Amino acid sequence: MKTIAKPIEMISWTEEDGRIHPVKFKITTHEGERQVYRVLQIYTTELDRVAGNKVYRFTCEIAINAMIKLCEIRYDLDSCRWVLFKI
Numbered sequence: 027m028k029t030i031a032k033p034i035e036m037i038s039w040t041e042e043d044g045r046i047h048p049v050k051f052k053i054t055t056h057e058g059e060r061q062v063y064r065v066l067q068i069y070t071t072e073l074d075r076v077a078g079n080k081v082y083r084f085t086c087e088i089a090i091n092a093m094i095k096l097c098e099i100r101y102d103l104d105s106c107r108w109v110l111f112k113i
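Each residue of the sequence shown is one higher than the last, beginning at 27 in the working numbering.
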């Protein structure tokens, strides 16, 4: 996977116990276009510490141009920001 670390807009849902489930996200391309990708499957969810901040790491499957790709999406609990970290 290639590291890109771009901020994204995410739609997710949260269970009563606090578990987060990403559903789909929107990202701005190099040309300025907005692309929407649906999370097809979540393989792993891990709670990590990155630079002292608690971060959820999701390894997910998404469809890009009719091809299935793995990606890593991160959610920073302190700043409440989503990042498409690897694809």
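Ideal Cβ placement from N, Cα and C applies to all residues, glycine included.
Nothing here was measured: the structure is a model prediction, and the numbers come from that model.
Query: Extent of the continuous beta strand (DSSP E) to which ASP74 belongs; Result: 60–76
Query: Inter-residue Cα distance where the pair is THR54 and GLU35; Result: 9 Å
Query: Alpha-carbon to alpha-carbon, VAL76 and GLU42; Result: 25 Å
Query: Nearest candidate by alpha-carbon position, reference ILE94, set ASP74, ARG64, PHE51 and THR71; Result: ARG64
Query: Closest residue to TRP39 among LYS112, ILE113, LEU110 and TYR101 (Cα-Cα distance); Result: TYR101
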